[in-house]
Amino acid sequence: MSLRASSEPIRFAYWVPNVSGGLVISKVPQRTSWDAAYNRKLAQIAEEAGFDYALTQIRFTAGYGAEYQHESVAFSHALAAATTRLTVIAAILPGPWNPTLAAKQIATISELTEGRIAINLVSGWFSGEFRAIGEPWLDHDERYRRSEEFLRSLRGIWTQDNFTFRGDFYRYTNYTLKPKPERLPEIFQGGSSRAARDMAARVSDWYFTNGNTPEGIKAQVADLQAKARENGHSVKVGVNAFVIARETEEEARAVLQEIIDHADPDAVKAFGHEVKNAGKASPEGEGNWAKSTFEDLVQYNDGFKTNLIGTPDQIAERIVALKDAGVDLALLAFLHFQEEVKYFGDEVIPRVRALEAARAERAEAA
Ligand SMILES: Cc1cc2nc3c(=O)[nH]c(=O)nc-3n(C[C@H](O)[C@H](O)[C@H](O)COP(=O)(O)O)c2cc1C
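Everything in the sequence shown is counted per the UniProt record's numbering, starting at 1 for the first residue and increasing by one.
So this is what it looks like as structure tokens:
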């Protein structure tokens with residue numbers, strides 16, 4: 001039964017490969033590149049294919065893979081400048097960023113791109129990265145308390161003159177940003193833990209979560225939306241998935257097996273250790289990755305679990321099932337991004353739209 005299926009068409013976002021190694025911890029051959037020229041072309045292919053959003057990543061040091069990393073805000077601007085419709089979501093990490101700089105940077109990019117910039121406020125999972133750049137590593141729930149103050153500061157700066165705020169992490173006194181963005185940038189926020197959900201249910205425009213089964217997602221969304229309703233807040237949901245769309249299911253499954261067979265076991269285990277530490281450090285132990293297996297971890301954000309692996313028909317049906325579970329946006333990664341984003345636009349999105357139209361007709365007739 002439909003939990004909160006939106007009558008809006010489901011939206012599509014793709015992960016920008018702005019770090020090296022693609023979106024899997026595997027030595028499987030990939031044609032994806034992290035460089036600027038590849039990514040500009042990919043952004044153009046994606047908007048043509050029917051994608052509304054592109055999500056950049058922020059990393060300051062190599063962890064497990066991702067040896068080279070382009071910075072997210074500068075890279076997001078370049079992609080918005082190379083396109084005409086796509087909204088680019090820039091990842092921002094409190095600590096290295098403060099809200100003053102982020103508000104000013106994003107307001108300027110908003111002006112330069114007719115409002116096609118949004119942010120993904122991330123809270124950090126990689127203590128080694130914080131240590132390497134000399135940033136204090138806060139406890140799990142403290143990281144979210146800081147992120148929430150960061151978000152409240154951003155909104156205040158973007159919407160109020162003489163903004164005054166007294167937080168534990170950030171303080172403002174009669175601060176007026178000029179010019180303010182004409183269109184308020186959307187704020188996405190990633191995580192699965194209690195603290196992540198509670199923050200989203202209070203303040204975020206969008207809640208981004210790791211890949212999961214429709215049942216797992218349904219339970220998370222029900223919990224999130226019940227809290228949001230209590231708070232009188234409205235929040236939309238984006239879910240991660242790694243797409244392997246091929247003409248036959250066997251071909252798609254074989255590609256998944258190849259990715260897993262080429263996984264770098266030491267890197268996957270080390271990544272698993274690091275993220276489970278981060279997730280388990282949440283008091284209730286429900287953070288992203290808390291329950292991930294070795295195979296799940298080969299894709300950074302549990303994207304195989306969502307099971308968008310098979311033929312275009314199978315994938316389209318599973319996307320509509322996600323929508324029934326309360327998902328507003330599918331955040332997608334691919335092995336060979338340029339070719340597969342195009343194939344997804346040609347073969348999967350039209351099938352999703354046809355299923356959505358058929359459902360709308362049935363609902364009207366009922
Ligand atoms: C879709 C998505 C994108 C994310 N992007 C980044 C990123 O670019 N950089 C980063 O350091 N963390 C990123 N994160 C990590 C989260 O901000 C958060 O620290 C992590 O999911 C821990 O979540 P937890 O609260 O469930 O423990 C991302 C998470 C999600 C779900």
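Glycine included, each C-beta is placed from N, C-alpha and C at the ideal position.
How long is the line joining the alpha carbons of residue i and residue j, rounded to whole angstroms?
{"i": "E149", "j": "P350", "result": "41 Å"}
{"i": "residue 390", "j": "Y53", "result": "No information on residue 390 is available, as it lies outside the stretch 1 to 366 that the chain covers here."}
{"i": "L355", "j": "N98", "result": "44 Å"}
{"i": "S147", "j": "M199", "result": "9 Å"}
{"i": "L154", "j": "R183", "result": "14 Å"}
{"i": "T84", "j": "L42", "result": "13 Å"}
{"i": "T173", "j": "E186", "result": "24 Å"}
{"i": "F130", "j": "W15", "result": "23 Å"}
{"i": "R116", "j": "A107", "result": "11 Å"}
{"i": "S321", "j": "A241", "result": "According to the sequence shown, residue 321 is Ala rather than Ser. Rounded to the nearest angstrom, the two C-alpha atoms are 13 Å apart."}
{"i": "I315", "j": "A330", "result": "12 Å"}
{"i": "E250", "j": "Q257", "result": "10 Å"}
{"i": "L93", "j": "E295", "result": "27 Å"}
Comparing alpha-carbon positions, which option in the options lies nearest residue i?
{"i": "R202", "options": "A195, A82, A228 and P99", "result": "A228"}
{"i": "Y175", "options": "D168, T164 and L112", "result": "T164"}
{"i": "G310", "options": "R246, Q30 and A78", "result": "R246"}
{"i": "A37", "options": "V352, F344, Q338 and A357", "result": "Q338"}
{"i": "S26", "options": "I92, I259, R143 and S292", "result": "I259"}
{"i": "E111", "options": "V348, T100, T173 and A81", "result": "A81"}
{"i": "R152", "options": "Q225, D205 and I244", "result": "D205"}
{"i": "A66", "options": "Q299, I92, T293 and I315", "result": "Q299"}
{"i": "P17", "options": "A360, Y343, R353 and F334", "result": "F334"}
{"i": "P96", "options": "Q69, K269, E47 and R59", "result": "R59"}
{"i": "G22", "options": "Q57, I133 and F51", "result": "Q57"}
{"i": "K323", "options": "K218, I92 and T159", "result": "K218"}
{"i": "I45", "options": "D346, S193 and W34", "result": "D346"}
Tell me whether residue i, by its Cβ, gets closer than 7 Å to a heavy atom of ligand 1.
{"i": "N212", "result": "no"}
{"i": "G156", "result": "no"}
{"i": "T306", "result": "no"}
{"i": "N120", "result": "yes"}
{"i": "W125", "result": "yes"}
{"i": "T209", "result": "yes"}
{"i": "S192", "result": "yes"}
{"i": "A195", "result": "yes"}
{"i": "R146", "result": "no"}
{"i": "L322", "result": "no"}
{"i": "L138", "result": "no"}
{"i": "F287", "result": "At residue 287 the sequence reads Gly, which differs from the Phe that was named. Yes."}
{"i": "T59", "result": "The question names Thr, but residue 59 in the sequence shown is Arg. Yes, Cβ of R59 sits closer than 7 Å to a heavy atom of ligand 1."}
Strictly under 8 Å for the Cβ-Cβ distance: is residue i near chain D by that measure?
{"i": "A267", "result": "Looking at the structure shown, chain D is missing, and only one protein chain is on hand."}
Legend entry - 4-residue-minimum alpha helix (DSSP H) runs that sit fully inside the segment 220–291, ordered along the chain: Unbroken alpha helix (DSSP H) runs of no fewer than 4 residues, entirely contained in the segment 220–291, are found at 249–261 and 265–280, following chain order.
Inset, instruction - With a floor of 4 residues, list each alpha helix (DSSP H) that falls wholly inside the segment 289–365, ordered by position along the chain. - result: Listed in chain order, they are 294–297, 312–324, 337–343 and 349–365.
Inset, instruction - Quick one: which unbroken alpha helix (DSSP H) runs of 4-plus residues sit fully inside the segment 57–106? Chain order, please. - result: Scanning the segment 57–106 from its first residue to its last, the whole alpha helix (DSSP H) runs of 4-plus residues come out as 72–81.
Inset, instruction - Let me know the alpha helix (DSSP H) ranges lying completely inside the segment 175–221, each 4 residues or longer, listed in chain order. - result: As far as the segment 175–221 is concerned, its whole alpha helix (DSSP H) runs of at least 4 residues are 194–202.
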